[in-house]
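Q:
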Amino acid sequence: MLRTLVNVNPTSEARAIEDMFDRLFGSPIRPASTPTGTLPLDIFEREGNLMIRASVPGIDPKELEIQIENNVLTIRGEARHEAETNDEKVYRREVSYGSFSRSVRLPEGLNLDSVDAEFKNGLVTVSLPRLPEEKPKAVKIAVRTAEAQPTPEA
């Protein structure tokens with residue numbers, strides 16, 4: 001008997017049904033489907049640096065807080081919502097607003113005194129240089145000759 005495994009995600013199934021009803025009957029104003037507080041990250045290595053890139057669209061770089069404490073990198077900030085006017089009619093709201101924070105435990109062997117962060121096109125990239133690896137040291141050991149010990153006669 002051949003069985004087929006199917007991955008079912010109840011959340012995405014419910015969202016699909018909700019979207020179908022939205023298309024049929026119009027959409028009420030509701031918060032975005034992604035929870036506030038999540039921050040998508042890319043973590044990769046380039047030219048001896050550990051790179052952590054976070055997507056922070058619409059955030060002023062001066063409003064970002066990036067810190068390292070106990071070998072944990074934390075990026076936090078707040079996306080502020082512009083005040084609505086009374087004559088504005090909203091059909092759909094999917095952009096998330098509010099505070100966000102993301103923490104990542106860093107591996108050992110990074111130079112935390114030379115961390116750099118760059119903001120460009122809605123992305124903040126934190127660059128953490130790796131410490132140079134210590135090469136194993138070879139120790140030359142001199143070999144001495146053993147001198148013959150007189151044996152005691154009994």
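If you read the sequence shown in the working numbering, its first letter stands for residue 1, the second for the next number, and so on.
Even glycine gets a Cβ: it sits at the ideal position worked out from N, Cα and C.
Small disclaimer: the values here were computed from a predicted structure and weren't measured.
Can you tell which of Leu-106, Ala-148, Tyr-97 has its C-alpha closest to the C-alpha of Glu-69?
A: Leu-106
Q: In or out: Ala-54 buried (at least 16 other Cβ within 10 Å) or exposed?
A: buried
Q: Can you list, in chain order, the residues of its chain with a C-beta nearer than 8 Å to that of Gln-67? Leave out the 5 residues immediately preceding and following it.
A: Leu-73, Thr-74
Q: In terms of residue numbering, what span does the beta strand (DSSP E) encompassing Thr-125 cover?
A: Here the beta strand (DSSP E) through Thr-125 covers 123-129.
Q: Between Ser-114 and Leu-128, what straight-line distance do the alpha-carbon atoms span, to the nearest angstrom?
A: It is roughly 7 Å from the alpha-carbon of Ser-114 to the alpha-carbon of Leu-128.
Q: Leu-64 and Gly-77: beta carbons closer than 9 Å?
A: Contact flag set, yes.
Q: Determine the closest residue to Asn-71 out of Leu-123, Leu-112, Asp-116, Met-51, with distance taken between C-alpha atoms.
A: Answer by Cα proximity: Leu-112.
Q: Quick one: measure Cβ to Cβ for Arg-93 and Leu-39, integer angstroms, because I've assumed they're closer than 8 Å.
A: That pair is no contact at about 20 Å.
Q: Helix, strand or coil, according to DSSP, for Arg-155 in the structure here?
A: What the structure shows of the chain is the stretch from 1 to 154, and residue 155 is not part of that stretch, so it cannot be assessed.
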